[in-house]
Each structure stands twice: as C-alpha cells, then as structure tokens.
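Input: a single structure, listed below in structure tokens.
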Amino acid sequence: MARSRNIKPGFFTNDDLAECEPLARLLFAGLWTIADREGRLEDKPRKIKAMVLPYDNADCDDLLEQLHKKNFITRYAVDGNEFIQINNWKKHQNPHCKEAATEIPEQVMQPTDNKEAPEKHHTSTVQVSEENNSFPADSLNLIPDSLNPINTQADEPACADENKNQSASVHPMSSQYAFEGQVIRLNHKEYSAWAGLYTNIDLQHELQRLDLEFQAEKPKNWYITTSQKLNYQNNQQTNRYQHRVGTRITQPIRSEQFISENF
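Mapping to the UniProt record's numbering: the sequence shown position 88 is 88, numbers consecutive.
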C-alpha cells in the first residue's frame with residue numbers, strides 16, 4: 001500500500017540527481033511512496049511504472065538503472081528474486097511504528113558493482129536496527145509517514161505513547177483518498193457523495209469517531225456499517241431540528257410587545 005513520505009528541499013537541488021532524466025527524478029520520489037518501512041520493494045519495472053508513472057511513455061527499467069548507477073537505489077537479488085533498496089532510507093524517512101514490518105529480505109553483503117558511484121551517497125544499503133535506533137531520521141519533525149500525512153509539525157517521534165490512538169484527518173492534497181483513517185478510507189468521490197447526503201452532521205468528526213471505534217472492533221464490512229451509522233446520526237439530527245422548530249411554532253410570540261414602535 002502506498003504511503004505518504006517526506007520530501008526535503010535538498011531533493012530539488014541535488015547535483016547528482018540533477019544528472020538523471022526528469023522522469024527518473026520523479027520516479028525516485030515515487031519509489032518512496034511504494035517502498036515498505038525499510039525502504040525496500042520488489043524490482044518489477046512494469047509494476048512500478050503502473051504505480052508511479054502511469055501516464056508517461058518511459059522505460060522504467062532504464063530510469064531505475066539511472067538511479068542505481070548514481071547510488072540513490074540499489075538493485076539486488078536474493079534467491080533469484082529481484083528487489084530494490086532505497087539508500088539512506090532511515091536518514092530521510094520516518095516510518096510510523098504501526099507500519100507493517102518488511103517481508104523483503106535485505107541485500108546479502110557482497111562487493112558492490114557501484115564502485116564509480118559518489119562516496120557521499122554511501123554504498124552500504126543494509127538497514128541495521130541498532131544503528132537506526134541510535135540515529136533516527138535527522139528531524140523528529142518529519143511527517144509520521146504512514147498514519148498522519150497532514151501533521152508536518154509533530155512535537156514528538158511518530159511512536160510516542162500519546163500518539164497511539166492518532167485520529168485520521170482529511171488530506172486535501174491526497175490523490176487517492178479524501179479521508180484516510182486506520183479502517184475508514186474514502187476516495188474523493190465517496191467523500192463528496194456522503195457530504196451531500198449527510199448534511200446535518202459534521203462528517204469529518206463522525207468519520208474520525210467511527211474510525212477510532214472500528215480500531216477497537218472492526219466490523220465485517222466497514223463501508224456499509226459506516227454508512228448506516230452516519231445515516232442514523234443524520235436522521236437523529238433532522239428529528240431534533242424538526243422538534244425544536246415545532247416547539248417554537250406552538251409557543252406564543254411575546255417578544256414583539258417589548259419592541260418600541262420608534263426604535
């Protein structure tokens with residue numbers, strides 16, 4: 001599943017990355033969003049192109065090779081299966097503690113064929129757990145990548161105890177979801193449709209509340225259950241409004257006797 005990740009200003013001014021084709025630069029940023037929490041993914045150019053460059057006429061394998069030669073990524077094989085490791089992943093990304101563990105094996109240490117690559121990118125791609133714990137991403141204000149894409153000013157690391165029950169939020173810049181929670185995920189069309197149907201409630205607030213409820217006990221079909229609960233809350237608000245209006249109509253209007261004619 002694609003995740004929101006961090007892009008720093010230095011990305012756009014990196015001299016070595018500038019030597020790659022424009023689509024290779026775009027692909028590099030796109031790889032971050034489809035890599036797992038260790039910065040690894042399967043080396044399947046056709047699949048990667050479909051996910052990151054679906055509308056571009058490009059040779060994804062060639063673009064990946066450009067990034068590999070510049071040592072931004074490492075393409076390697078384990079037991080006949082090909083994978084990609086994004087180099088310096090832990091330096092630039094801050095995966096959320098609840099993100100699923102990687103299922104992709106790390107590279108078997110052997111002499112690298114990237115001898116001509118610039119030293120400043122480092123040739124080691126193995127993500128050592130002890131090293132990562134001692135030297136986390138260079139800013140604790142990095143976005144907690146997986147679960148809170150809108151919070152760019154987090155005061156604590158993504159795994160702080162008080163953040164265990166983070167609520168979801170509407171992410172206006174997301175290309176896939178208008179609302180992305182732990183359980184509830186709505187694309188823009190679905191969110192707009194519900195916003196038009198349930199006009200008597202605060203849709204975002206109700207979705208956040210239900211998402212927390214479903215984290216404790218996930219329903220068999222969260223979409224139908226969510227729709228039913230929102231419909232109930234919307235009808236309740238409608239009935240309350242009609243009751244209040246009806247009560248006011250039956251009460252005598254006394255305020256007008258206090259209004260001065262010359263006021």
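Ideal Cβ positions, reconstructed from N, Cα and C, are used throughout, including at glycine.
Model, not experiment: these values are computed from the prediction.
Inter-residue Cα distance where the pair is residue i and residue j
{"i": "A178", "j": "M109", "result": "42 angstroms"}
{"i": "H188", "j": "A18", "result": "34 angstroms"}
{"i": "A216", "j": "V183", "result": "10 angstroms"}
{"i": "T102", "j": "I34", "result": "12 angstroms"}
{"i": "K44", "j": "R5", "result": "21 angstroms"}
{"i": "K218", "j": "R240", "result": "30 angstroms"}
{"i": "K49", "j": "N57", "result": "10 angstroms"}
{"i": "R3", "j": "F72", "result": "19 angstroms"}
{"i": "T74", "j": "R185", "result": "33 angstroms"}
{"i": "G10", "j": "Q233", "result": "47 angstroms"}
{"i": "A77", "j": "T225", "result": "44 angstroms"}
{"i": "P95", "j": "F12", "result": "22 angstroms"}
{"i": "K8", "j": "C97", "result": "21 angstroms"}
{"i": "W32", "j": "K47", "result": "15 angstroms"}
{"i": "H205", "j": "G30", "result": "31 angstroms"}
{"i": "S139", "j": "Y223", "result": "The pLDDT assigned to S139 is 43, lower than 50, so where the model puts this residue is not dependable; a value taken from the coordinates is nonetheless given after this. Whole-angstrom Cα-Cα distance: 37 angstroms."}
{"i": "N221", "j": "N235", "result": "22 angstroms"}
{"i": "Y55", "j": "L207", "result": "33 angstroms"}
Nearest to residue i (by Cα), restricted to the options the options
{"i": "V52", "options": "L27, T226 and A100", "result": "L27"}
{"i": "D79", "options": "G30, I104 and C20", "result": "I104"}
{"i": "E21", "options": "T226, E65 and K47", "result": "E65"}
{"i": "E42", "options": "T13, I7, Q107 and K98", "result": "Q107"}
Proximity of residue i and residue j at Cβ, strictly below 8 angstroms
{"i": "L230", "j": "Y191", "result": "no"}
{"i": "D16", "j": "K70", "result": "yes"}
{"i": "L67", "j": "A100", "result": "no"}
{"i": "L203", "j": "A193", "result": "no"}
Cβ separation of residue i and residue j, assumed to be a contact under 8 angstroms, to the nearest whole Å
{"i": "N200", "j": "Q237", "result": "4 angstroms"}
Chain B contact for residue i (CB, 8 angstroms cutoff)
{"i": "G181", "result": "Among the protein chains of the structure shown there is no chain B, as only one such chain exists."}
Under 8 angstroms: do the segment 31-38 and the segment 76-92 share three or more Cβ pairs, one atom per stretch?
Yes, the segment 31-38 touches the segment 76-92.
Quick check: the segment 90-107 against the segment 51-66, are there 3 or more CB pairs under 8 angstroms?
no
On the three-pair Cβ rule with 8 angstroms, is the segment 204-215 touching the segment 177-195?
Three or more Cβ pairs drawn from the segment 204-215 and the segment 177-195 lie within less than 8 angstroms of each other, which places the two stretches in contact.
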